[in-house]
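Student:
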Amino acid sequence: MNAEALLAALKYSTLKLARTLRVLGLSLLFAAATGATALAVVFPLWFFATRHTRGYTCFVLLSILALLLAAGIRALVRSARLQGGIPAALRRTLLPRLIRLAVFLFFTFSLYWIVVLYARGRAAAATAAAVVYLLLAVSITYFRRRNT
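Quick note: the sequence shown, position 44, residue 50 per my numbering, numbers continuous.
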């Protein structure tokens, strides 16, 4: 092998090694940046959740409420644009959704209170409430299917 071929092979392997080290370095840099970002986000949330549980609960609930409110406003604006104004959009899209949400919340909280009654040892009241709950759920489901 002559000196030129040896030099060319050495140059090629050096370039390949440099590319490999560059990719490895960028990968390690990305992993470190990801870890630092995760630590910067997770540690304060963990600290807040363990030291101030009520404040953290309020923060999370308010964040969820803000997201739901933003999504609702966005849907209302889109619907108003498509249906020719906010009053028409409220009547056609928002009002049925609010009614459905109210019914869902009513049934969810009713079921919660039935479970609380059972847990507190008031089996007779809980059984009566469960029967009324089931009758109401079946009647709403039946009438809804019959009217559509």
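Even glycine gets a Cβ: it sits at the ideal position worked out from N, Cα and C.
1) To test your reading of the DSSP string, which unbroken alpha helix (DSSP H) runs of 4 or more residues are found completely within the stretch 59 to 128?
2) Going by other Cβ atoms of all chains shown within 10 Å of its Cβ, with 16 needed for buried, is residue 94 buried or exposed?
3) Using a threshold of 9 Å, state whether the C-beta atoms of residue 148 and residue 113 are closer than that.
4) Can you tell me whether residue 105 is buried or exposed? The criterion is at least 16 other CB atoms within 10 Å of its CB, across all chains shown.
5) In whole angstroms, give me the CA-to-CA distance for residue 76 and residue 69.
6) Three or more beta-carbon pairs under 8 Å between the stretch 79 to 88 and the stretch 96 to 104, yes or no?
7) Beta carbon of residue 219, beta carbon of residue 132: below 9 Å?
8) Rounded C-beta distance between residue 54 and residue 62? I'm assuming under 8 Å.
9) Return the CA-CA distance between residue 43 and residue 56, expressed in angstroms with no decimal places.
10) By Cβ distance below 7 Å, which residues in the same chain neighbour residue 66 in space, the five residues on each side in sequence not counted?
Tutor: Short version:
1) 59 to 89, 92 to 95, 101 to 125
2) For the purposes of this step, residue 94 is taken as the residue at position 88 of the sequence shown. Result: exposed.
3) Here residue 148 refers to the residue found at position 142 when the sequence shown is read from its first residue. Here residue 113 refers to the residue found at position 107 when the sequence shown is read from its first residue. No; because the gap between Cβ atoms is not below 9 Å, this pair is not in contact.
4) The count along the sequence shown starts at 1 and reaches residue 105 at position 99. With fewer than 16 Cβ atoms within 10 Å of its Cβ, residue 105 is classed as exposed.
5) On the sequence shown, residue 76 is found 70 positions in, with the first residue counted as 1. On the sequence shown, residue 69 is found 63 positions in, with the first residue counted as 1. So the two alpha carbons sit approximately 11 Å from each other.
6) yes
7) For the chain, the structure presents residues 7 to 154; residue 219 sits outside this window and is missing.
8) One-based indexing of the sequence shown puts residue 54 at position 48. One-based indexing of the sequence shown puts residue 62 at position 56. Right, their Cβ atoms sit about 5 Å apart.
9) In the sequence shown, residue 43 corresponds to position 37, counting from 1. In the sequence shown, residue 56 corresponds to position 50, counting from 1. If I take the Cα positions, the gap works out to 20 Å.
10) Counting from one through the sequence shown, the residue named residue 66 turns up at place 60. So the list is empty, once near-sequence residues are dropped.
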